[in-house]
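There are 2 protein chains.
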Amino acid sequence: MTTSTAAGTSISDHAYAELSRAIATCALPPGAPINERAEAARLGMSRTPFRQALHRLALDGLIVAVPKRGTYVAPLDAGDIRDNMVVRAALEADMARRLVTEGRPVDFAKLKRCIADQRTAARSGDWLTFLGLDEAFHLAILEAAGNPRATESARRAWIHVNRARYLMPMTTRQMLDAKRGHREILEGLIAADPERVQQAIARHLGKPLARRLEELRGRLGAAFELIPGQPA
Amino acid sequence: MTTSTAAGTSISDHAYAELSRAIATCALPPGAPINERAEAARLGMSRTPFRQALHRLALDGLIVAVPKRGTYVAPLDAGDIRDNMVVRAALEADMARRLVTEGRPVDFAKLKRCIADQRTAARSGDWLTFLGLDEAFHLAILEAAGNPRATESARRAWIHVNRARYLMPMTTRQMLDAKRGHREILEGLIAADPERVQQAIARHLGKPLARRLEELRGRLGAAFELIPGQPA
DNA sequence: GGGCGGACTCTGGTATACCAGTTGCCTCTT
DNA sequence: AAGAGGCAACTGGTATACCAGAGTCCGCCC
Numbered sequence: 001m002t003t004s005t006a007a008g009t010s011i012s013d014h015a016y017a018e019l020s021r022a023i024a025t026c027a028l029p030p031g032a033p034i035n036e037r038a039e040a041a042r043l044g045m046s047r048t049p050f051r052q053a054l055h056r057l058a059l060d061g062l063i064v065a066v067p068k069r070g071t072y073v074a075p076l077d078a079g080d081i082r083d084n085m086v087v088r089a090a091l092e093a094d095m096a097r098r099l100v101t102e103g104r105p106v107d108f109a110k111l112k113r114c115i116a117d118q119r120t121a122a123r124s125g126d127w128l129t130f131l132g133l134d135e136a137f138h139l140a141i142l143e144a145a146g147n148p149r150a151t152e153s154a155r156r157a158w159i160h161v162n163r164a165r166y167l168m169p170m171t172t173r174q175m176l177d178a179k180r181g182h183r184e185i186l187e188g189l190i191a192a193d194p195e196r197v198q199q200a201i202a203r204h205l206g207k208p209l210a211r212r213l214e215e216l217r218g219r220l221g222a223a224f225e226l227i228p229g230q231p232a
Numbered sequence: 233m234t235t236s237t238a239a240g241t242s243i244s245d246h247a248y249a250e251l252s253r254a255i256a257t258c259a260l261p262p263g264a265p266i267n268e269r270a271e272a273a274r275l276g277m278s279r280t281p282f283r284q285a286l287h288r289l290a291l292d293g294l295i296v297a298v299p300k301r302g303t304y305v306a307p308l309d310a311g312d313i314r315d316n317m318v319v320r321a322a323l324e325a326d327m328a329r330r331l332v333t334e335g336r337p338v339d340f341a342k343l344k345r346c347i348a349d350q351r352t353a354a355r356s357g358d359w360l361t362f363l364g365l366d367e368a369f370h371l372a373i374l375e376a377a378g379n380p381r382a383t384e385s386a387r388r389a390w391i392h393v394n395r396a397r398y399l400m401p402m403t404t405r406q407m408l409d410a411k412r413g414h415r416e417i418l419e420g421l422i423a424a425d426p427e428r429v430q431q432a433i434a435r436h437l438g439k440p441l442a443r444r445l446e447e448l449r450g451r452l453g454a455a456f457e458l459i460p461g462q463p464a
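If you read the sequences in order, they're chains A and B. So that you can map any letter, position 100 of the first sequence is 100 in the working numbering, and since no number is skipped, the others follow by simple counting. So that you can map any letter, position 30 of the second sequence is 262 in the working numbering, and since no number is skipped, the others follow by simple counting.
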């Protein structure tokens, strides 16, 4: 989740990074209220730069600001999550395909190591670590493609999906399934077979998560509800 | 270019819409300075909401704010434009494919009418009108796919490409070529052939523009330069 | 005792004041 | 007359003050 912000690190970027991470990992769960004045003071800044960060988060769809009422972490929306999954899958599949057709260099060792670590995390049931390694694996592929715009768009889309994942512990079996998906992608990259890579990513990012989303919806209905008092 | 902003129309949205359109159509050409105080006053608002709009434009990569120096319309960057073209093509191709595989309804008559209008514009050499009709055609396909997130991501990416196009008059031949590309896409949609649609879009959005980009770079080198005084 | 009304408090949105660099022009010097 | 130094007027970034509407809670009235 390390945002690759441009060089210019203004003071509001700090707030954005902090809040973005907290929301993505559900440290700030969906629906949680955010008090502008209090949070800005806690971060040692004025409302102005803090509000810039909030504005950016609102554009990302991660928070909802209701005038005269309050600002809240955006509730989960199954349809929106699905849409974002589609965006992410389309971008990453295309990037990976180009990665191969354009013959860009890939750090295979790094990817292999990442998968090995995932195996360890899966066996020990450490799903939080696994999620981090999963992100790292996909991010490595995106960055290898050398298209910062695509990476940024994919990241933006993926935050919404991730939020749901952090609310939904993975079983060892699910982790091992995901790891296998990664291995298939890696093998496609090593074989330098564009179609195979594209298919592998589409498979990996497509159905499994869609199924688990329905499961989550059943288990965590509350997180899908809107801000109290807001119309449907 | 009608941004599908959410219901909440705050005062800063007006500034964003106005500036976004001006920059996209190069009414504000690359490198043009933007005076916060003066522009905010002209639009009848304070600096605060105007700066919100500027911040958003900066995130879109359409402007560059240099502390203590000034704010400028972002210069063109051939590499960035290419990256954005790739993003747009990947998203639109995938959306169009899903449009077919998911059997979503498409307003064929509207698309046909759009192409007919493009033919008229092309014959009369009215390339500005043609560009508008071109946008409308692609937007109609994206919106038919029913994935607002993808539409928004594609729009964001496309703005950068469009900016270059508005600096580069199209010849009648180029317009007719583009129109033919649209017809091929439409025929793929009517035939409900996902692969054909995907290929048609990839062809249409891929090479022709890349070639013209090199041409533009030669003709309008100045627009590719950075803000005066900024390091390379 | 239950229902209703008004005032108080809190919110996000907006306007304004302040700050510290940067730039360019103007003056003074050689 | 040419160059260097400094001052003044801008800039974007930040902090603060103000606004109007929504919620809430306490007290009054029926």
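Backbone N, C-alpha and C fix where the C-beta goes; we use that ideal spot for every residue, glycine too.
For L59(A), go through chain B and note every residue whose CB falls closer than 9 Å to its CB, in chain order. Taking the first sequence and counting its residues from 1, one reaches residue 59(A) at position 59. Those are R288, L291, listed as they occur along chain B.
Interface flag, P148(A) vs chain B, CB-CB below 8 Å: Taking the first sequence and counting its residues from 1, one reaches residue 148(A) at position 148. Chain B contact via Cβ: present.
Counting only C-beta atoms, is V84(A) closer than 8 Å to chain B at any point? Looking up residue 84(A) in the first sequence gives position 84. For the record, residue 84(A) in the displayed sequence is Asn; it is not Val. Closer than 8 Å: yes.
Under 8 Å between C-beta atoms, does L91(A) make it to chain B? Here residue 91(A) corresponds to residue number 91 of the first sequence, with the count starting at 1. L91(A) counts as touching chain B.
So what does DSSP say about P337(B), is it helix, strand or coil? By 1-based counting over the second sequence, the position of residue 337(B) is 105. The answer is coil: DSSP assigns P337(B) none of H, G, I, E or B.
Taking only three categories from DSSP, how would you classify T352(B)? Counting from one through the second sequence, the residue named residue 352(B) turns up at place 120. Here T352(B) sits in helix by DSSP.
Along chain A, in chain order, which residues have C-beta atoms closer than 7 Å to that of V541(B)? Because chain B spans 233 through 464 in this model, residue 541(B) falls outside it and cannot be assessed.
Look at L437(B) and A321(B) and say whether their C-beta atoms are less than 8 Å apart. Within the second sequence, the letter at position 205 stands for residue 437(B). Within the second sequence, the letter at position 89 stands for residue 321(B). A contact, by the Cβ cut-off of 8 Å.
8 Å is my cut-off, CB to CB: does V319(B) come that close to chain A? Sequence index remark: in the second sequence, residue 319(B) carries index 87 (1-based). Cβ-Cβ to chain A under 8 Å: yes for V319(B).
I want to verify the contact list: residues of chain B whose CB lies under 7 Å from the CB of D94(A), in sequence order. Numbered from its first residue, the first sequence carries residue 94(A) at position 94. Here the neighbours are A322.
Going by beta carbon distance, what residues of the same chain come within less than 8 Å of S153(A), once the five residues before and after it are set aside? Counting from 1 along the first sequence, the entry for residue 153(A) is found at position 153. Hits under 8 Å: V87, L91.
Please report the straight-line C-alpha distance between T129(A) and R149(A), rounded to a whole angstrom. What you label residue 129(A) is simply residue 129 of the first sequence in a count that begins at 1. What you label residue 149(A) is simply residue 149 of the first sequence in a count that begins at 1. Cα to Cα, T129(A) sits roughly 27 Å from R149(A).
My understanding is that A38(A) touches R104(A), with C-beta atoms under 8 Å, so please give their C-beta distance in whole angstroms. Along the first sequence, one-based indexing puts residue 38(A) at 38. Along the first sequence, one-based indexing puts residue 104(A) at 104. Actually they do not touch by this definition, with Cβ atoms about 47 Å apart.
Are the C-beta atoms of Q431(B) and some chain A residue less than 8 Å apart? Counting from one through the second sequence, the residue named residue 431(B) turns up at place 199. Not closer than 8 Å to any Cβ of chain A, the Cβ of Q431(B) fails to qualify, so no.
Between the CA atoms of G44(A) and I391(B) - distance to the nearest angstrom: Here the question's residue 391(B) lines up with position 159 in the second sequence. Here the question's residue 44(A) lines up with position 44 in the first sequence. Each residue's alpha carbon lies about 36 Å from the other.
Among residues of its own chain, excluding the 5 on either side of P169(A), which ones have a beta-carbon nearer than 8 Å to its beta-carbon? Within the first sequence, the letter at position 169 stands for residue 169(A). Around P169(A): W127.
Identify the continuous alpha helix (DSSP H) that holds G70(A) and give its terminal residues. Position 70 of the first sequence, counted from the start, is the residue given in the question as residue 70(A). Unbroken run through G70(A) is the beta strand (DSSP E), 70-73; no alpha helix (DSSP H).
Integer Cβ distance of L142(A) from Q118(A), believed to fall under 8 Å: As a position in the first sequence, residue 142(A) is number 142, starting the count at 1. As a position in the first sequence, residue 118(A) is number 118, starting the count at 1. L142(A) to Q118(A), Cβ: 17 Å. No contact.
With DSSP as the reference, label P380(B) as helix, strand or coil. Residue mapping note: residue 380(B) aligns to position 148 of the second sequence, counting from 1. Reduced to three states, the DSSP call for P380(B) is helix.
Endpoints, the alpha helix (DSSP H) within which R432(B) is located: The count along the second sequence starts at 1 and reaches residue 432(B) at position 200. Position check: residue 432(B) holds Ala in this sequence, whereas Arg was assumed. Looking at the DSSP string, the run of the alpha helix (DSSP H) that includes A432(B) is 426-437.
Using a Cβ-Cβ distance under 8 Å, would A157(A) count as near chain B? The residue you call residue 157(A) lines up with position 157 of the first sequence. Answer yes: the Cβ-Cβ gap between A157(A) and chain B drops below 8 Å somewhere.
So is Q174(A) in contact with chain B if we call contact Cβ pairs under 8 Å? For the purposes of this step, residue 174(A) is taken as the residue at position 174 of the first sequence. By this cut-off, Q174(A) is not an interface position.
Residues in the same chain with beta-carbon distance under 7 Å from L216(A), minus the five sequence neighbours each way, listed in chain order, please. Residue 216(A) sits at position 216 when you count from the first residue of the first sequence. Same-chain partners within the cutoff: A164, L167, M168.
Identify which residue in I201(A), P49(A), L176(A), N35(A) has its Cα closest to the Cα of E187(A). Translated into positions along the first sequence, residue 187(A) becomes position 187. Comparing Cα positions, the closest option is I201(A).
Cut-off 7 Å between Cβ atoms - residues of its own chain near H51(A), not counting five sequence neighbours on either side: Within the first sequence, the letter at position 51 stands for residue 51(A). Sequence inspection shows Arg at residue 51(A); the His mentioned does not correspond to that position. Excluding sequence neighbours, R51(A) sits near E36.
Taking only three categories from DSSP, how would you classify A297(B)? Here residue 297(B) refers to the residue found at position 65 of the second sequence. Of the three classes helix, strand and coil, the one that applies to A297(B) here is strand, per DSSP.
Determine the direct distance from the alpha carbon of M175(A) to that of L213(A), and round the result to whole angstroms. The sequence position of residue 213(A) within the first sequence is 213, counting from 1. The sequence position of residue 175(A) within the first sequence is 175, counting from 1. If I take the Cα positions, the gap works out to 15 Å.
Judging by CA-CA distance, which residue of R47(A), F108(A), I81(A), T48(A) is the nearest neighbour of D60(A)? For the purposes of this step, residue 60(A) is taken as residue 60 along the first sequence, with counting starting at 1. Nearest option by C-alpha distance: I81(A).
Taking 8 Å as the threshold (beta carbon to beta carbon), is D107(A) in contact with chain B? In the first sequence, the residue the question calls residue 107(A) occupies position 107. With 8 Å as the cut-off, D107(A) does not count as an interface residue toward chain B.
Leaving out five residues on either side along the sequence, give the residues of the same chain with a beta carbon under 6 Å from the beta carbon of N84(A). By one-based count along the first sequence, residue 84(A) stands at place 84. Closer than 6 Å at Cβ, skipping near neighbours: A157, H160, V161.
So which residues on chain A does D312(B) lean against when the C-beta distance must stay under 9 Å? Position 80 of the second sequence, counted from the first residue, corresponds to residue 312(B). Residues of chain A passing the Cβ test: P148, R149.
Give the interface partners of Q284(B) over in chain A, defined as CB-CB distance under 7 Å, in chain order. The residue given as residue 284(B) occupies position 52 in the second sequence. Under the 7 Å cutoff, chain A gives H55.
Looking at V332(B) and P426(B), is the spacing between their C-beta atoms short of 8 Å? Here residue 426(B) refers to the residue found at position 194 of the second sequence. Here residue 332(B) refers to the residue found at position 100 of the second sequence. Yes. Within cutoff.
7 Å CB neighbourhood of A122(A) in its chain, flanking five on each side removed: Numbered from 1 along the first sequence, position 122 holds the residue referred to as residue 122(A). If we look at A122(A) and ignore the five residues flanking it on each side, its Cβ neighbours are F130, T172, M175, L176, K179.
What beta strand (DSSP E) runs, 3 residues minimum, are completely inside the segment 13-100 of chain A? 63-66, 70-73
Would you say S124(A) faces chain B, with C-beta separation under 8 Å as the test? If you number the first sequence from 1, residue 124(A) lands on position 124. Chain B contact via Cβ: absent.
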